[in-house]
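Start counting the sequence shown at 7; every next residue gets the next number (the numbering used here).
The beta carbon of each residue, even a glycine, is placed where N, CA and C say it ideally should be.
First comes the structure, then the notes that go with it.
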Amino acid sequence: MQRSTVILVPGLGDSGEQHWQTLWQKQFATFERVQQKNWEAPALEDWVENLDKTIRKHQLEQVVLVAHSLGCMAVVFWAQKFKLRLKGALLVAPADTEYPSLTDAVQGFAPIPMEPLPFRSVVVSSMNDPYLSAKRAQQLAEAWGSRYVNIGMAGHINATSGYGRWDEGLELLKGLTGNS
C-alpha cells in the first residue's frame, strides 16, 4: 500500500481502540485518520470540510479513502460537492441516514446523494447491520457505481460485531490500492 495514500474516515463517535480502522492505523504507520471537531454531534459541513483538508494534503490520484458508517456519508457528500477524482474508496457499512431511527443523530446527512462517485469504490455491508439493510446497501452501491460486497452476518462491521483486525477488509483495500 506504499504507492497509495490511505486516509481513514471514521463514523459517529470515531473508531475505538479495538476497531479495525484503529488497528490498521497502528499496523500501517502511513495510514492517516481524518480528525473531526465533534465526533458525537456531527455537522455535515464540518465533516466534509475536515475530510477535504485532509485529502488535499496529498496527491489526489494516490488517495484511497477507507470509511466506516457515517464516515461513508461524509465521503459521498464530499464527492458530490467537489467532484474530484481519487484513486478509490472502501465504504464499509454506510449508515443509512434516511432511516427514521437515525435521523436525529445525523441531521443534515440526508438526503443521501444518489449519483455515481467520480472514482472507483467498493461498498461492503452485512446481512444484519442495524443501520443499513442489505437491500439498501445494494441500492446505494448501484447508485454510486460501486462494486458491492456482502460479507454475511457481520453486524455493523465494527469491534462490537467482532471485527477487530479484519483481514478480509485489508484484502478489499489492496484491490483498490493496486497492491497484492
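Environment of residue i [buried if 16+ CB atoms lie within 10 Å]
| i | result |
| --- | --- |
| D173 | exposed |
| T19 | Strictly speaking, residue 19 in this sequence is Gly, with Thr absent from that position. G19 should be labelled exposed. |
| Q27 | buried |
| D135 | buried |
| A35 | exposed |
| G77 | buried |
Cβ neighbours of residue i in the same chain (closer than 6 Å, five flanking residues each side left out)
| i | result |
| --- | --- |
| V82 | P119 |
| F115 | L50, M79 and T103 |
| R91 | P124 and F125 |
| A73 | V15, V81 and L97 |
| M7 | Only weak support exists for where M7 lies, its pLDDT of 48 falling under 50; the value from the coordinates is given anyway. Taken in chain order, the residues that qualify are T183 and N185. |
| E148 | none |
Beta-ladder partner(s) of residue i, from DSSP
| i | result |
| --- | --- |
| R153 | V128 |
| E2 | An answer regarding residue 2 cannot be provided, because it is not within the stretch 7 to 186 covered by the chain. |
| H74 | V98 |
| V69 | T11 |
Cβ-Cβ separation, residue j to residue i (assumed contact under 8 Å), whole Å
| i | j | result |
| --- | --- | --- |
| V128 | L176 | That belief does not hold up - the Cβ atoms of V128 and L176 are roughly 13 Å apart, past 8 Å. |
| P188 | L146 | Look at the range of the chain in this structure, 7 to 186, and you will see that residue 188 is not part of it. |
| V15 | A80 | 6 Å |
| G17 | S107 | About 16 Å; that fails the 8 Å criterion. |
| V203 | K87 | Only positions 7 to 186 of the chain appear in the structure, and residue 203 is not among them; the question remains open. |
| L71 | A95 | 4 Å |
| S167 | A160 | 6 Å |
Neighbourhood of residue i by C-beta, 8 Å cutoff - its chain only, sequence neighbours within 5 removed
| i | result |
| --- | --- |
| Q41 | N56 and T60 |
| Q68 | R9, S10, T11 and K93 |
| G22 | T28 and A165 |
| W204 | Limits of the chain in this structure are 7 at one end and 186 at the other, which puts residue 204 out of reach. |
| D52 | Q42, K43 and N44 |
| I157 | V130, S131, S132, I163 and E174 |
| G170 | Q24, H25, W26 and L29 |
| V155 | V128, V129, V130, S131 and L178 |
Beta-carbon contacts of residue i that lie in its chain and below 7 Å, excluding the five residues immediately before and after
| i | result |
| --- | --- |
| H25 | N164 and A165 |
| L66 | L90, R91 and L92 |
| F37 | V12, L14, W30 and Q31 |
| D58 | W84 and F88 |
| H64 | T11 |
Proximity test, Cβ basis, 9 Å: residue i and chain D
| i | result |
| --- | --- |
| E67 | Structure shown: chain D not included; a single protein chain is present. |
Proximity test, residue i beta-carbon vs the ligand SAH heavy atom, cut-off 8 Å
| i | result |
| --- | --- |
| M159 | Annotation note on the ligand SAH: not contained in the displayed structure, which lists no ligands. |
Given 8 Å as the limit, is there contact between the region 122-138 and the region 178-185, that is, 3 or more CB pairs closer than that?
-> Short answer: they touch.
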